[in-house]
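Chains C and A are the protein sequences, given in the same order.
For what it's worth, the numbering used here labels the leading residue of the first sequence as 279, then goes sequentially.
For what it's worth, the numbering used here labels the leading residue of the second sequence as -18, then goes sequentially.
Glycine residues also receive a C-beta, built at the ideal position from the N, C-alpha and C atoms.
Because the structure is a prediction, the values reported are computed rather than measured.
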Amino acid sequence: DSGVTQTPKHLITATGQRVTLRCSPRSGDLSVYWYQQSLDQGLQFLIQYYNGEERAKGNILERFSAQQFPDLHSELNLSSLELGDSALYFCASSVGGQINEKLFFGSGTQLSVL
Amino acid sequence: KNEVEQSPQNLTAQEGEFITINCSYSVGISALHWLQQHPGGGIVSLFMLSSGKKKHGRLIATINIQEKHSSLHITASHPRDSAVYICAVRKGGGGSQGNLIFGKGTKLSVKP
């Protein structure tokens, strides 16, 4: 058990809908990272938050947004969903986001857009 | 061309064999990660390297910065090692620790 909790484990929804994925980092970790794993693109970095502030952005679509709350949990919001958004979404956490820190991954949320 | 290339894509081994998975990258990096993803989907970070060699149990990871190449070795392989192994690099020049470029993965199957 990595200590990173993601909910829900599975999500099935329809095109055009909006969903929220939730991530609770390991106790004491200030950084949260979101990744998308799809069959055609593989794993891609989406966004990082550190202690409530956005720290870095990757290949995140404008239809997607994230935030990190004062209790350090994070939510990834996906809107106007398309079939191509079907993927496994992971979050990871680390202590402070420094260069030599190990990442701890959650078990992922499998999103299916029908 | 992908910035991170792994070989082989698929690997089948007999229990007890020595296994090597390779990762080549084309960009300057500050760190390289080896990750393990089991069939259930969860990802575990095995190693993070910026130079040299690291060992943990039966797993050994090496990196050659000049040649832009890393290898993951598994000694005395076991069926429970069956998983997808993913190489990921963090580009040099600063930026987020988690802003990684991932390889496509090597699917390892170890037969009893």
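Considering Cα atoms alone, identify which of C:Asp363, C:Glu360, C:Gln346 is closest to Cys301 (chain C).
Closest by alpha carbon: C:Gln346.
Could you tell me whether the stretch 349 to 367 of chain C touches the stretch 37 to 57 of chain A, where touching means 3 or more Cβ pairs closer than 8 Å?
Touching, no, given that fewer than three Cβ pairs across the two stretches are closer than 8 Å.
Interfacial residues, the stretch 315 to 331 of chain C to chain A, with Cβ spacing under 8 Å
Answer in chain order: Gly320, Leu321, Gln322, Phe323, Gln326.
Can you give me the Cβ contacts of Val373 (chain C) inside the same chain, cut-off strictly under 6 Å, excluding the 5 residues immediately before and after it?
The answer, listed in chain order, is Asp307, Glu379.
Does chain A have any CB closer than 8 Å to the CB of Ala292 (chain C)?
No, no contact with chain A.
Buried or exposed: which applies to Thr87 (chain A), given that a residue is buried once 16 or more other Cβ atoms fall within 10 Å of its Cβ?
The residue is buried, with at least 16 neighbouring Cβ atoms inside 10 Å.
Would you check if the stretch 17 to 24 of chain A and the stretch 64 to 73 of chain A touch, i.e. whether three or more CB-CB distances between them fall below 8 Å?
The stretch 64 to 73 of chain A is in contact with the stretch 17 to 24 of chain A.
From what residue to what residue does the beta strand (DSSP E) around Lys88 (chain A) run?
Element bounds for Lys88 (chain A): 87 to 92.
Close-in-space but distant-in-sequence residues of the same chain around Ala292 (chain C) (CB under 6 Å, 5 per side omitted)
Within the same chain, Leu392 come within 6 Å of Ala292 (chain C) by CB-CB distance, once the 5 residues on both sides are set aside.
For chain C, find out if any of its Cβ atoms is closer than 8 Å to the Cβ of Ser5 (chain A); answer yes or no.
Not an interface residue.
Please determine, among A:Gln(-10), A:Lys34, A:Val25, the residue with the shortest C-alpha to C-alpha distance to Gly384 (chain C).
Per the Cα distances, A:Val25.
Where Tyr327 (chain C) and Leu13 (chain A) are concerned, what is the direct C-alpha to C-alpha distance, given to the nearest angstrom?
Tyr327 (chain C) and Leu13 (chain A) have their C-alpha atoms roughly 21 Å apart.
If you run the structure through DSSP and keep just helix, strand and coil, what is Arg333 (chain C)?
DSSP, reduced to helix, strand and coil, places Arg333 (chain C) within a strand of the structure shown.
Assuming the contact rule is C-beta atoms closer than 8 Å, Lys49 (chain A) and Ser7 (chain A) should be a hit. Round their C-beta distance to whole Å, please.
Correct: roughly 7 Å between the Cβ atoms.
Just confirm the distance between the C-beta atoms of Gln284 (chain C) and Thr387 (chain C), as a whole number of angstroms; I'd bet it's less than 8 Å.
Taking the Cβ atoms as the reference, Gln284 (chain C) lies roughly 5 Å from Thr387 (chain C), within the contact range of under 8 Å.
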